[in-house]
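**Student:** Sharing a structure below in structure tokens format, with a few things to ask.
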Amino acid sequence: MSKKLLAASGIAVYAFLYLPLVVVVAYSFNNSKLNAEWVGFTWHWYQVLLSDDTMLKAAGNSLLIALTASLASTVLGTMAGYALYRYKLKLLPVLVMAPLAIPEILVGVSLLIFFVAINLTLGLLSIMLSHIAFCVGFVAIVVRSRLSGMDESLPEAARDLGATPFQAFRLVTLPLIAPGIIAGALLAFTLSIDDFVITFFTAGVGASTLPLQIYSMIKIAVTPEVNAISTLLMLLTLFLIVVASRLSPDSIRGR
Amino acid sequence: MALLEIRNIVRRFGDFTAVDGVSMDIEAGEFFTLLGPSGCGKTTLLRMIAGFDSPQSGEMLLDGKDLASIAPEKRPIHTVFQSYALFPHMTVAENIAFPLRMRKLGKGEIGERVRQSLEDVRLTDRGGRYPGELSGGQRQRVALARALVNRPRLLLLDEPLAALDMKLREQMQLELINLQKEVGITFIYVTHDQTEALALSHRIAVMNGGKVEQLDEPSKIYDSPKNRFVADFIGTCNLIDAEVSVAGEEKMVLQIRGLGEVAARNPGATGGAKGILALRPEKVRIAAQLAPEDDENHFKGRVHDFLYMGDVTVYIVEVGDGVHVEALLPNSAAGRPRILAVGDPVEIAWRYDAGTFLDG
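So the protein sequences, as listed, match chains P and Z.
Heads up: the first sequence begins at 0 in numbering that gives the first Met the number 0, then just goes up one per residue.
Heads up: the second sequence begins at 0 in numbering that gives the first Met the number 0, then just goes up one per residue.
Here's what the structure looks like:
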């Protein structure tokens, strides 16, 4: 009896989480202008999407920003994560972690004020910089946890056997924490590509990203074109999450 | 000139002095052991020799050259870590090849030496495996092979057998002795296990509180401990408070409260000195009745308690007025695991030179 109840509540939770997504995906193939009733299958909305220059431009911007931001924040975050692991500093953890806890709207507003104060024209660059800023902390945490799971004597053993500090890092530490670094990069990418709040504050007039574009379309009317772009975005994120989970800490051989 | 000369090494961590003015010479070809309880400074000293840590003062000379300015990767010293520290993302063969790759040897030579090395440790068929797929004993052998493949001047071993079970440990001890003889490389071995130290070493430095308490051959450490700590830490030992009443050239008479006069070997104490009598239980004869012999201390007492250990039985005998002396009896008589019961009257005896007087 209680087992059935557990199964039922489990199904209910998953339905609550995923049914709306299923609806979005299904209606992206609906041969009707309205998200109201099922008429028939069509690729029409995907064709509309592909000829929508504003939308494509926004998607291009989003990809460019996400790639740049995840790349830069992975390099900086790995360095920060290594510093967190290697040196027992008091202030550094607070500085790295705080942006994760501060409400996004606060980060957005303060970045806007900051960019205005230093006279930076709002646009792609300001979005990239703000995305890097909030992604670094996430990467640092993932990398640090990977490092603290590593036997501390491994890099020492490399030095002992004739490796310079740089060789020890490149040949031993780096391969061992690589899954953490890649997972951090993917996390940064997914955080960046669907960020709305911070982007909204730091985008200015010229540059638009996918989430901003979708939001501005919804203000007029929800056409199935929005469903189509959402479906594509969902597929991309899903793919990245699967890749990231494959690279979870226990995936390395021999441990 | 000694291979490694250690001069007045001091290492402090904040208020704690881990290594407190240690000096020792380690000869080429020696199996040298640093023995002591955890926190005695033995591992810190080993890390400084390897170059992972630096002393605040003092110096270390390898072949007469100061090690202070030499980075760990440049020292002809390799380490076998307690955790083995095998690289989990490399195969056994790649692990062993690592030090050779760092020296930029040719591919052909690396392959040949790795093959030879795998053969030496009887792991020829395991070269392609990852460390995670090996047993504890095999990992141990890979760690040894990797540390020896470069022929270092000095091999440091940090409790390398601690993670193995007892049977395997004994087997590995024999392998280590033979290996060291074969390769002729100087070993510095760190352990807290005194039987391991006695079994393996040419010389042992017993450390405590960052200082060397005694540095000697295993039999000297065991038979003639220099002080109370060494006597107590190595093996089991009767430690009985005593005062010197007559100090002769080689022999002495000790006054022990509750027991009376006891003859002992004089290591150089003078009359009136206070200290302890150190007496190994296996050197005490015990039986229901003992014929007295020359130069022996002889006492009558009662069995206070006993511990049956299988191969031997340890008897705690009460003699005189509440003095307890431990005596060891091998259980060699078949079918009779013990011959004495608690409360039985018993006699004990030991030659005067079985006991040592220790100051303080």
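Using N, Cα and C, we set each Cβ at its ideal position, and we do this for glycine too.
Identify every residue that forms a DSSP beta bridge with Z/I69.
**Tutor:** Answer by DSSP bridge pairing: none, since Z/I69 is not bridged.
**Student:** So P/P174 contacts chain Z; which residues on that side make the cut at Cβ distance below 8 angstroms?
**Tutor:** H88
**Student:** When the distance is taken between beta carbons, is Z/L117 closer than 8 angstroms to Z/I95?
**Tutor:** yes
**Student:** Measuring only between beta-carbons, confirm whether P/T77 sits less than 8 angstroms from chain Z.
**Tutor:** With 8 angstroms as the cut-off, P/T77 does not count as an interface residue toward chain Z.
**Student:** Within 8 angstroms of any Cβ in chain P, is that where the Cβ of Z/R102 sits?
**Tutor:** yes
**Student:** Report the option in Z/K41, Z/C236, Z/Y314 whose CA atom is closest to the CA atom of Z/R301.
**Tutor:** Comparing Cα positions, the closest option is Z/Y314.
**Student:** By Cβ distance, which residues of its chain are closer than 8 angstroms to Z/T269, with the 5 residues on each side in sequence left out?
**Tutor:** Cβ within range, chain order: V243, A246.
**Student:** Could you tell me the alpha carbon to alpha carbon distance between Z/L156 and Z/D124, rounded to whole angstroms?
**Tutor:** Using only the alpha carbons, I get a separation of about 26 angstroms.
**Student:** Curious, which full-length beta strand (DSSP E) runs of at least 3 residues does the segment 247-321 of chain Z contain?
**Tutor:** 250-255, 259-264, 273-278, 284-286, 295-307, 311-318
**Student:** Look at Z/G234 and Z/C39 and say whether their C-beta atoms are less than 8 angstroms apart.
**Tutor:** no
**Student:** Looking only at C-alpha atoms, which of P/S125, P/T201, P/G179, P/I213 sits nearest to P/G148?
**Tutor:** P/G179
**Student:** Of all the alpha helix (DSSP H) runs that stay within the bounds of the segment 26-92 of chain Z, which reach a length of 4 or more residues?
**Tutor:** 41-49, all fully within the segment 26-92 of chain Z.
**Student:** Answer with yes or no whether the minimum CB distance from P/L153 to chain Z is below 8 angstroms.
**Tutor:** yes
**Student:** Quick check on this structure: which residue in Z/P159, Z/I275, Z/L147, Z/I176 has the alpha carbon closest to the alpha carbon of Z/T190?
**Tutor:** Residue Z/P159 is the option with its Cα nearest to Z/T190.
**Student:** Listing by chain order, which chain P residues have their CB less than 8 angstroms from the CB of Z/S82?
**Tutor:** Simply D150, S152.
**Student:** List, from N- to C-terminal side, the alpha helix (DSSP H) runs of 4 residues or more that fit wholly inside the segment 44-89 of chain P.
**Tutor:** 52-85
**Student:** Using three-state DSSP, classify P/G161 as helix, strand or coil.
**Tutor:** In this structure, P/G161 counts as coil in the three-state DSSP scheme.
**Student:** Assuming Z/A241 and Z/G274 are in contact, meaning their beta carbons sit under 8 angstroms apart, how far apart are those beta carbons, in whole angstroms?
**Tutor:** 6 angstroms
**Student:** Quick check: Z/V316 and Z/I285, are their CB atoms within less than 8 angstroms of each other?
**Tutor:** yes
**Student:** Okay, do the segment 171-191 of chain P and the segment 126-140 of chain P touch, 3+ Cβ pairs below 8 angstroms being the bar?
**Tutor:** yes
**Student:** What I want to know is whether the C-beta of P/M149 ends up closer than 7 angstroms to one or more non-hydrogen atoms of the ligand ZN.
**Tutor:** With respect to the ligand ZN, the structure offers nothing, as it holds no ligand at all.
**Student:** List the residues that DSSP assigns as beta-bridge partners of Z/I203.
**Tutor:** Within the DSSP bridge table, the entry for Z/I203 names Z/T32, Z/D215 as partners.
**Student:** Note down the Cα distance separating P/I251 from Z/T32, rounded to an integer number of angstroms.
**Tutor:** For P/I251, the predicted structure reports a pLDDT of 41, less than 50, and the residue's modelled location is therefore unreliable. The matter cannot be settled from this model.
**Student:** What are the residues of the segment 11-29 of chain Z that lie near chain P, defined by any Cβ-Cβ distance shorter than 9 angstroms?
**Tutor:** Answer set for the segment 11-29 of chain Z: empty.
**Student:** Under the rule that 16 or more other beta-carbon atoms within 10 Å means buried, what is Z/H88, buried or exposed?
**Tutor:** The residue in question, Z/H88, is buried, as its Cβ has 16 or more Cβ neighbours within 10 Å.
**Student:** Nearest chain Z C-beta to P/D51 closer than 8 angstroms, yes or no?
**Tutor:** no
**Student:** Whose CA, out of Z/V324, Z/E29, Z/F186, Z/S331, lies closest to the CA of Z/A348?
**Tutor:** Z/V324
**Student:** Over what stretch of residues does the beta strand (DSSP E) that includes Z/L2 continue unbroken?
**Tutor:** Premise fails: Z/L2 is in no beta strand (DSSP E) and is neither H nor E.
**Student:** Hey, out of Z/R102, Z/E132, Z/G107, Z/Q137, whose CA is closest to Z/D119's CA?
**Tutor:** Z/Q137
**Student:** Can you give the Cα-Cα distance for P/L232 and P/L110, rounded to whole angstroms?
**Tutor:** Roughly 26 angstroms separates the two Cα atoms.
**Student:** Give the interface partners of Z/E72 over in chain P, defined as CB-CB distance under 7 angstroms, in chain order.
**Tutor:** R158, G161, A162, T163
**Student:** Given a cut-off of 8 angstroms, decide if Z/L175 and Z/L147 are closer than it, judged by their beta-carbon atoms.
**Tutor:** no
**Student:** In chain order, what residues of the segment 131-145 of chain Z put their CB closer than 8 angstroms to some CB of chain P?
**Tutor:** G131, E132, R145
**Student:** Report the neighbours of P/V95 on chain Z: residues whose CB is nearer than 7 angstroms to its CB, in chain order.
**Tutor:** Those do not exist, as P/V95 stays about 27 angstroms from chain Z at its closest Cβ, beyond 7 angstroms.
**Student:** By DSSP, does P/H130 sit in helix, in strand, or in coil?
**Tutor:** helix
**Student:** Going by other Cβ atoms of all chains shown within 10 Å of its Cβ, with 16 needed for buried, is P/I213 buried or exposed?
**Tutor:** Buried.
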